[in-house]
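Q: Can you keep this structure in mind? I'll have questions shortly.
Quick look at the structure:
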């Protein structure tokens, strides 16, 4: 089972290592770019195998086994009600990078900003 995340449009400045810690992450998220084409984002998500239109313009994603996520495309972020493992979540994230190359993952449990590599490393660490 995963934790909820937001995919946010934060142009990443070169030289900053990921993950970006909480204080700096909050400042970057406040300056995040808007999701200005929500229909395009939804259409992109619906092209992903396992995705279907959910209620109220959400997108439901069914992963392997009983894993699933519901995605809410909002002006400020793409919110993911996440019940996926990190590998499944990163499939969605990678799929969106073609449309939104400045996307980062805001981990709502710990407040850090990640790209795919740092997110996978963070969640593969032993507890």
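In the numbering used here, the protein residues as written are 15 to 141. Beta carbons are placed, not taken as given, at the ideal position from N, Cα and C, and that holds for glycine. Values in this document were obtained by computation on a predicted structure and should not be read as measured data.
#1: Are residue 120 and residue 73 close, meaning C-beta to C-beta below 8 Å?
#2: Pull up the distance between the alpha-carbon of residue 56 and that of residue 63, whole angstroms please.
#3: The beta strand (DSSP E) spanning residue 120 covers which residue range?
#4: Can you pull the DSSP bridge partners for residue 85?
#5: Starting from the Cα of residue 21, find the closest Cα among 37, 79 and 84 and give me that residue.
A: Straight from the coordinates:
#1: Here the question's residue 120 lines up with position 106 in the chain shown. Here the question's residue 73 lines up with position 59 in the chain shown. Between residue 120 and residue 73, the C-beta spacing is not below 8 Å.
#2: The residue you call residue 56 lines up with position 42 of the chain shown. The residue you call residue 63 lines up with position 49 of the chain shown. So the two alpha carbons sit approximately 13 Å from each other.
#3: Here residue 120 refers to the residue found at position 106 of the chain shown. From DSSP, the beta strand (DSSP E) with residue 120 extends over 117 to 121.
#4: As a first step, residue 85 must be located in the chain shown, where it is residue number 71. According to DSSP, which records beta bridges pairwise, residue 85 is partnered with 73 and 94.
#5: Here residue 21 refers to the residue found at position 7 of the chain shown. Per the Cα distances, 84.
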